[in-house]
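> Before we start, here is the structure in question, set down as structure tokens.
In UniProt numbering, the protein residues as written are 1 to 236.
Listed below in structure tokens is the structure:
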């Protein structure tokens, strides 16, 4: 419990993945991605319960061995690659409450694909959500100016042009408004936002900006880089 609010952590880890087969079982630093997040959550007493939402029995077994609970397997209709986080989190919240009879005030989604997150990256957005009365608080990272929409180009019918016509007036990066992107470390969402507003963002949303490097795993190269980066970090 955190600030008198019961917190449910949900780790979404389906078996299907177009980029990397059984991505959530791939290892960084010799530990499966789903087990990395399980071990981290297991060390957070502020989290009242941490469950894995998966449709794959082997992922479930590895998750449970790492300290996560698996009171359900995700139904087939929530297992496709076009299923949104809202549906997955709503199902997990209601299924967990049906299993233990508890009433959770906050759901925090913790994706296995961000293996270098720290405890504060999970707890800080939850605390900010509770103290500020937000619908949701997401962790985000600053976006490199090279990826800014006003610096992007489109190439079609053998013609090159700016993605946004305003890009023609950009001379220096200092002219660009700072942008941010989701890094997958944590999404803290209020119960009301999920169940009543039926959204993982809502209208009253804030963020925790994480300046440090947090790789997110989508490709084999991401896996190799995260493993390389982890091995270069100072040992505790």
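Backbone N, C-alpha and C define an ideal beta-carbon position, used for all residues, glycine too.
Computed from a predicted structure; not experimentally measured.
Quick check: the region 110-126 against the region 158-174, are at least 3 beta-carbon pairs closer than 8 Å?
Too few Cβ pairs lie closer than 8 Å, so no.
> Measuring CA to CA, which of 4, 196, 178, 224 is closest to residue 147?
Here the closest residue by C-alpha is 178.
> Put residue 229 into one of helix, strand or coil per three-state DSSP.
Note: residue 229 maps to helix in three-state DSSP.
> So, are the CB atoms of residue 22 and residue 47 less than 9 Å apart?
For residue 22 and residue 47, no; Cβs fall outside 9 Å.
> Which class does residue 28 belong to by DSSP, given the choice of helix, strand or coil?
DSSP places residue 28 in strand when its eight states are reduced to three.
> Quick check on residue 190: does DSSP put it in helix, strand or coil?
In this structure, residue 190 counts as strand in the three-state DSSP scheme.
> From the DSSP output, which residues share a beta bridge with residue 109?
10, 187.
> Tell me whether residue 66 sits in a helix, a strand or coil according to DSSP, three-state version.
Three-state result, residue 66: coil.
> Reducing DSSP to helix, strand and coil, say where residue 136 ends up.
Residue 136: strand per DSSP, three-state reduction.
> Under 9 Å between the Cβ atoms of residue 207 and residue 180?
Taking 9 Å as the Cβ cut-off, residue 207 and residue 180 qualify as a contacting pair.
> Determine whether the beta carbon atoms of residue 50 and residue 110 lie at a separation below 9 Å.
Yes, the Cβ-Cβ distance between residue 50 and residue 110 is below 9 Å.
> Leaving out the 5 sequence neighbours to the left and right, which residues in its chain are closer than 8 Å to residue 154 when beta-carbon positions are compared?
Closer than 8 Å at Cβ, skipping near neighbours: 160, 161, 162, 163.
> Counting along the chain, where does the alpha helix (DSSP H) carrying residue 50 start and finish?
From DSSP, residue 50 is part of no alpha helix (DSSP H) but of the beta strand (DSSP E) over 49-53.
> In this structure, how does DSSP classify residue 145 when only helix, strand and coil are distinguished?
Residue 145: helix per DSSP, three-state reduction.
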